[in-house]
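One point on numbering: in full-length UniProt numbering, the residue at position 18 of the sequence shown is 18, and numbering is uninterrupted.
Beta carbons: idealized from backbone N, C-alpha and C, even for Gly.
Read through the structure below, which is laid out as structure tokens, and then see the notes.
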Amino acid sequence: MSFDEEWRQIQADVAERRTGTRLNQLDGDGGGTADLAANADDLGRVGSDAADLWKRLDKDGRHALSSTSSAGSALKSESFRTGSAMETVHDTWESQLKTLLDACMHISQHLDYSAAQHRKDEADISQSFTRLSVSEISKFFK
């Protein structure tokens, strides 16, 4: 088969194919179930652990920064290439420590917020149903 024949065949095959978007997915099962649960005790424990980790990292993660910086500066001033490398290690460590501290605090604060918001949502939902009569509630199930 020549190139031209092969090219025409490819074009014909492509033209015959149905065009459209295809999504890879599982068969629909009608939706999920109502099983959201936010246990304030669990959220509080994880949030507290994140806050404790933040405190320890903030204290223990910085103990070698000043000596590393001083050593790097001293070695660099004496034209040792190790001095520049130590300064790079110092800067990288400080940057990564800050990122980790920010992440710990974000987790702690977000879990505190999530627990409080879930309690508020539950109270709002509970209060909205106490204002409805049984006949009004039954309308939701028809």
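Check                                                                                                                                     : Outcome
What did DSSP end up calling ARG45 once you bin it into helix, strand or coil?                                                            : helix
Am I right that ALA115 and GLY44 are in contact with their C-beta atoms under 8 Å? What's the rounded C-beta distance?                    : 6 Å
Counting along the chain, where does the alpha helix (DSSP H) carrying ARG8 start and finish?                                             : 3–16
Rounded C-beta distance between ALA50 and SER126? I'm assuming under 8 Å.                                                                 : In fact, because the Cβ distance is near 29 Å, the residues do not count as touching under 8 Å.
Report buried or exposed for LEU7, applying the criterion of at least 16 other Cβ atoms within 10 angstroms of its Cβ.                    : For the sequence presented, residue 7 should be read as Trp rather than Leu. With fewer than 16 other Cβ atoms within 10 Å, it is exposed.
With DSSP as the reference, label GLU78 as helix, strand or coil.                                                                         : coil
Between the alpha carbons of VAL46 and HIS106, how many angstroms are there, rounded?                                                     : 12 Å
Pairing CB atoms from the segment 85–102 with CB atoms from the segment 53–60, are three or more of them under 8 Å?                       : yes
Buried or exposed for LEU111, going by 16 or more other Cβ atoms inside 10 Å?                                                             : buried
How should MET1 be labelled, buried or exposed, when 16 other C-beta atoms within 10 angstroms of its C-beta is the threshold for buried? : exposed
Here's the rule: buried if 16 or more other CB atoms are within 10 angstroms of the residue's CB, otherwise exposed. What is HIS63?       : exposed
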